[in-house]
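A.B. asks: Following this message is one structure expressed as structure tokens.
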Amino acid sequence: MSNTNLSQSKPDTAPKHKINWGRLEEAERFAEMTKLFRQGLITRDDFRRFRLQHGAYGSRMTDDYSMIRLKLPAGEVYPEQIERIADLSEQFSIGSAHVSTRQNFQLHWVALEDVSEVLRGLAEVGITTREACGNSVRSIMCSPLAGVCPDEAFDPTPYAVGATKFLLRNPLSQSLPRKFKINFTCCEKHGMARMVDIGLIPLQIEENGNLQRGFKIFLGGGLGAQSFVGHQLEPFTSEDELLYTIVSVIRIFDRLGNRDNMARARMRYLVNDMGWERFQNLVLKERAMIKMLLSVIVKLDVDKTPEVLRKISISSEIPSVSQGYARWVKSNTFKQKQSGFSTAFLTLESGDVTSNQLRAIAEIAREFTSDGQIRNGFTQDIVFRWIRDEDLPRLYSKLLEVGLANPGALTMASVVGCSGTTSCNLALTNSHRLAKEVQRKFIELKIDEDDDLRNSTIKISGCPNSCGQHEIATIGFYGGGGRLGKEMYPLYTMSLGGRSDENTTLGHTCTKVPAKRIIQTILKIVEIFKSEKKSGETLDLWIRRIVEGNGGPNVKSIDDIKELLKPVVIVPTKDQDEDFYADYGSDGSYHTKTGRGECAA
Amino acid sequence: MCSLSKEKSIHVTVDVDSLRSEIRDKSVKVLDIRKEDDYKQGHIPGAINLPLASLLADDSPDKVLQYAQSFGIGDETSVVVYDDTFGALASRVAWTLEYVGHRDVSLLDVTYSTWKKLGLETSSDIPSLTKTTHSLKLQPQILATSDYLTPAKEKGAILVDNRERLNFLEQHIPGAINIPYRMLASGQNILRPKEDLKRLFQNRNIGQDSEIITYCGSVGTLSGLGYYALKSLGMNNAKLYVRSFKEWKSLDKPIEKQKDANYWDLSAE
Chain S
202 MSNTNLSQSK PDTAPKHKIN WGRLEEAERF AEMTKLFRQG LITRDDFRRF
252 RLQHGAYGSR MTDDYSMIRL KLPAGEVYPE QIERIADLSE QFSIGSAHVS
302 TRQNFQLHWV ALEDVSEVLR GLAEVGITTR EACGNSVRSI MCSPLAGVCP
352 DEAFDPTPYA VGATKFLLRN PLSQSLPRKF KINFTCCEKH GMARMVDIGL
402 IPLQIEENGN LQRGFKIFLG GGLGAQSFVG HQLEPFTSED ELLYTIVSVI
452 RIFDRLGNRD NMARARMRYL VNDMGWERFQ NLVLKERAMI KMLLSVIVKL
502 DVDKTPEVLR KISISSEIPS VSQGYARWVK SNTFKQKQSG FSTAFLTLES
552 GDVTSNQLRA IAEIAREFTS DGQIRNGFTQ DIVFRWIRDE DLPRLYSKLL
602 EVGLANPGAL TMASVVGCSG TTSCNLALTN SHRLAKEVQR KFIELKIDED
652 DDLRNSTIKI SGCPNSCGQH EIATIGFYGG GGRLGKEMYP LYTMSLGGRS
702 DENTTLGHTC TKVPAKRIIQ TILKIVEIFK SEKKSGETLD LWIRRIVEGN
752 GGPNVKSIDD IKELLKPVVI VPTKDQDEDF YADYGSDGSY HTKTGRGECA
802 A
Chain U
66 MCSLSKEKSI HVTVDVDSLR SEIRDKSVKV LDIRKEDDYK QGHIPGAINL
116 PLASLLADDS PDKVLQYAQS FGIGDETSVV VYDDTFGALA SRVAWTLEYV
166 GHRDVSLLDV TYSTWKKLGL ETSSDIPSLT KTTHSLKLQP QILATSDYLT
216 PAKEKGAILV DNRERLNFLE QHIPGAINIP YRMLASGQNI LRPKEDLKRL
266 FQNRNIGQDS EIITYCGSVG TLSGLGYYAL KSLGMNNAKL YVRSFKEWKS
316 LDKPIEKQKD ANYWDLSAE
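Residue numbers (the numbering used here), protein chains in the order written: chain S, 202 to 802; chain U, 66 to 334.
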């Protein structure tokens, strides 16, 4: 070893991760189990269960490669962790990482034999992959605006972290009938409380003159081949009851969930089959019983110490404003409830980010954010909080340098696309690439600058299973195959009017749209909207009227839209348009091919 | 292999401190594999420039020997090679010297950029060279040819592709396993510490004595680094398929790919 070491020139005052979620011994065990599997000493199914429990999915058409899903509770990640992810991606994956819709990073196409090395590298910086896949309690989400949102009752982050501390590696959640998802949001607007197994929104009430913290809790929602909106358990669940409630729900699901039919095993089916009132009663009874039986008061370990903000001294010279700054500020930043601070969202393409960009993101967090932290968002994005307003121009020019200054993050131009045929066994279409194509086109067309379109969303899944969350999009798509004579082509089903706020609604199916006509179709809808809208009406509100059959005299309902789209979605013969028959990212002609789903095991 | 004690004095890599003292003692010839223009702007004091392109223009044993002799490299001269490309170009040159029979050749364990970042001395002086003689003792056991590959594989040899993952998935020699060159380095060093490196092979159930053939995209650079990674672990039954995948394809030999997946579209590049 050399005696001469690279001196660390940068004084690193940024906070390091506070909680060590990782366990080195789990990495070592993974290496041992992989060897046993390769030697044929454990069965494929047993190994698969183990692998998923430790965050490693099989890849499309092969389990010689894994997708490793990191578990980032509340989406929190620190600069030194991001740098490690960058290194691991470069060494063992494809030099890019992917941000999921559940705030995690995913590393794709890692050789099975190297998974243990990646787990080791992650554990060294406090990150785990444990229970990131498989039939367990998945990473507990928390709105990336928690703590800075003007509409929140209080910051739910410590509760999301506390719940993770209790549930991670807890025997209670190791072998559930199916995966189980918990989301905390800051307010009604910024989250998906009604689209998960347990969704929680902070609520503060006054009781005997004292302010009492608690939550609105929603149960039994979820997206999938069949989606349901969650039900509110009771008007107010106090923070003291929070853990009892979560445990009760998990226990009921564990006992009564459908273990025979994987396709109907998620808790939302149990709630639906049993009826909400019965389920609600069961939960309340279970909770009362747990409280009586437990001799020790079990309370969530909630760390309410306020975040210590660093003083960031950034040069006082007046920055020159780079081109495109105003557009970026408008579409990518959010004014925090703390005056003088903003939150900035990065527009990624389908959540993909290179190793070099990750390193830049770590540097930027150190330099610009007062909390020295990064959060992953809900829409395949990365979020910097606690940026001083006066630093935004400099932040923007830094982002420009590394290709991360695309506008549109908080607008319809930012499109969600699941991994599709890039890595998923179940995918029928390349939704991942399609989302990138739509986004590029929309940024080029400056869709993000149109206030009428700002609140709308586009989300794309590569199959009916909703990982791309198409059903809560204003305009959503899921992939399948179409056929003209003997020839197949990639074809999506479009739904309209989905949303995930206090008026959570699942999208209504409108029509089928060939992959290569999606962009034209969306633009056509925008064109119809522009000629039909009432003054001041936004696209999402107009679509809501259409879905309810209350459109104008010319375009009244979804059927009218379907009719108007007919010329756009017409199917040419292969001789007329060969490209139509190839999916995005492929030259060859399209065919569907799927393997066994990895979500379930 | 059990010959470690005999070869104790020759290390696969040398660290900067050892190299600096060897330079002071004038007990080493240092080869800089970067382009001539880069070399002229500054290099490790005393280093001789041998741009990889010059070597590749004609890397026949006679020509290589000519280079060595003109640089004043005799049979027993210690040679240290460096580059600014992960150590891959340096590896290719080191391997070539080894192939013509020069035993005492090592890689600097950092790149030139790191050397500079460490604030170590550089020079733009061009050293004067005194010719010497070097014998030719070809080492065919470290070379693999396209004809050799298939029968060797059938007898259990392991074929290692050192290109990046996406390139490997797209196409590779049938039956090869992928150890991308990025996996071999760590931090500022061109090769990981031995313990770390060893685990990568243990995890793949690759034994110490296995015959391993490395290859990469075109001229045996990345796979040269792969070759030296193996040697650093004492895995001496290693060969370099120096003409690599470029030749394999030009010979219309069979190619394997990971089918039915659009993995390229996951890249944010």
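A virtual CB, placed ideally from N, CA and C, is assigned to each residue, including glycine.
CB-CB under 8 Å to S/T793, same chain, minus the five flanking residues each way: which ones, in chain order?
C.D. replies: L629, G681, G682 and M689
A.B. asks: Pull the bridge partners of S/K713 from the DSSP assignment, please.
C.D. replies: S/T694
A.B. asks: According to DSSP, which residues form a beta bridge with S/S439?
C.D. replies: S/G415
A.B. asks: To the nearest angstrom, report how far apart S/R239 and S/R465 are at their CA atoms.
C.D. replies: Their Cα atoms are separated by approximately 32 Å.
A.B. asks: From the beta carbon of U/S171, is the nearest beta carbon of chain S less than 8 Å away?
C.D. replies: Not closer than 8 Å to any Cβ of chain S, the Cβ of U/S171 fails to qualify, so no.
A.B. asks: Thinking S/F416 and S/P403 are a contact (beta carbons under 8 Å), I'd like their distance in whole angstroms, please.
C.D. replies: Cβ-Cβ separation between S/F416 and S/P403: approximately 6 Å, consistent with a contact (criterion under 8 Å).
A.B. asks: According to DSSP, which residues form a beta bridge with S/F306?
C.D. replies: Paired residue(s): S/V300.
A.B. asks: State the Cα-Cα distance for the pair S/V639 and S/Y258, rounded to the nearest angstrom.
C.D. replies: 28 Å
A.B. asks: Is any heavy atom in the ligand SAH found nearer than 7 Å to the beta carbon of S/E389?
C.D. replies: This structure lacks the ligand SAH; in fact it carries no ligand of any kind.
A.B. asks: If you compare alpha carbons, which of S/N482, S/Y360 and S/L600 is closest to S/W529?
C.D. replies: Among S/N482, S/Y360 and S/L600, the Cα nearest to that of S/W529 is on S/L600.
A.B. asks: Would you report the Cα separation of U/Q236 and U/Q323, rounded to the nearest angstrom?
C.D. replies: 7 Å
A.B. asks: What are the boundary residues of the alpha helix (DSSP H) that includes S/K538?
C.D. replies: First-last for S/K538: undefined, no H or E at that position.
A.B. asks: Identify the continuous beta strand (DSSP E) that holds S/S818 and give its terminal residues.
C.D. replies: Past the boundaries of the shown model lies residue 818 of chain S; chain S is included only from 202 to 802, so the question cannot be answered.
A.B. asks: For chain S, check one thing: does any of its Cβ atoms lie closer than 8 Å to the Cβ of U/C67?
C.D. replies: For U/C67, the pLDDT reaches just 42, beneath the cut-off of 50, and the residue's location in the model is therefore unreliable, although a value from the coordinates is still provided. With 8 Å as the cut-off, U/C67 does not count as an interface residue toward chain S.
A.B. asks: Mapping the DSSP letters down to three states, classify S/P403 as helix, strand or coil.
C.D. replies: strand
A.B. asks: Exposed or buried, S/N206, counting other C-beta atoms within 10 Å across all chains shown (16 or more means buried)?
C.D. replies: Annotation note: pLDDT 45 at S/N206 (below 50); position unreliable, no value reported.
A.B. asks: Consider the Cβ of U/R308: report whether some Cβ of chain S lies at a distance smaller than 8 Å.
C.D. replies: no
A.B. asks: What would DSSP say about S/S556, mapped onto helix, strand or coil?
C.D. replies: Residue state, collapsed to three classes: helix.
A.B. asks: Below 9 Å between beta carbons is the criterion; list the residues of the stretch 306–332 of chain U that meet it against any residue of chain S, in chain order.
C.D. replies: Q323, K324, D325, A326, N327, Y328, W329, D330, L331 and S332
A.B. asks: Closest by CA to S/C711, which one among S/R718, S/F251 and S/M695?
C.D. replies: S/M695
A.B. asks: Quick one: what does DSSP say S/S790 is sitting in, helix, strand or coil?
C.D. replies: Correct three-state label for S/S790: coil.
A.B. asks: Determine which residues of the stretch 261–278 of chain U have a Cβ less than 9 Å from any Cβ of chain S, and write them out in chain order.
C.D. replies: D261, R264, L265, Q267, N268, R269 and N270
A.B. asks: Is the beta carbon of S/T534 less than 8 Å from the beta carbon of S/L457?
C.D. replies: no
A.B. asks: At least one CB of chain C closer than 8 Å to the CB of S/Q524: is that the case?
C.D. replies: Checking the listed chains, one finds no chain C in this structure; the protein chains it contains are S and U.
A.B. asks: Please check if any C-beta of chain S sits within less than 8 Å of the C-beta of U/E334.
C.D. replies: U/E334 belongs to the set of residues whose beta carbon lies under 8 Å from a beta carbon in chain S.
A.B. asks: In whole angstroms, give me the CA-to-CA distance for S/R467 and S/D455.
C.D. replies: 10 Å
A.B. asks: Name the two residues that bound the continuous alpha helix (DSSP H) containing U/L121.
C.D. replies: L117 to A122
A.B. asks: Are the beta-carbon atoms of U/I109 and U/W180 separated by less than 8 Å?
C.D. replies: yes
A.B. asks: Rounded to whole angstroms, what is the Cα-Cα separation between S/S344 and S/V278?
C.D. replies: 14 Å
A.B. asks: Just to confirm my understanding: we take S/E738, look at its own chain, exclude 5 residues before and 5 after, and list those with CB closer than 7 Å. What are they?
C.D. replies: Exclusion of the five residues before and after S/E738 leaves no residue of its chain whose Cβ lies closer than 7 Å to its Cβ.
A.B. asks: Decide if the stretch 721–740 of chain S is in contact with the stretch 425–439 of chain S; the criterion is three or more beta carbon pairs, one per stretch, under 8 Å apart.
C.D. replies: no
A.B. asks: When you compare each of S/Q375, S/P436, S/N411 and S/F248 to S/L401 by their alpha carbons, which one comes out closest?
C.D. replies: Selected option, being the one with the closest Cα: S/P436.
A.B. asks: Kindly list the residues whose CB is nearer than 6 Å to the CB of U/R335, restricted to its own chain and excluding five residues on each side of it in sequence; keep chain order.
C.D. replies: Since the first and last residues shown for chain U are 66 and 334, residue 335 of chain U lies out of range.
A.B. asks: Is it right to say U/L331 is buried, meaning 16 or more other beta carbons lie within 10 angstroms of its own, or is it exposed?
C.D. replies: buried
A.B. asks: Assign U/L203 to buried or exposed, taking buried as 16 or more other Cβ atoms, counted over all protein chains shown, within 10 Å of its Cβ.
C.D. replies: exposed
A.B. asks: Would you tell me roughly how many angstroms separate the C-alpha atoms of S/E645 and U/R89, rounded to the nearest one?
C.D. replies: 60 Å
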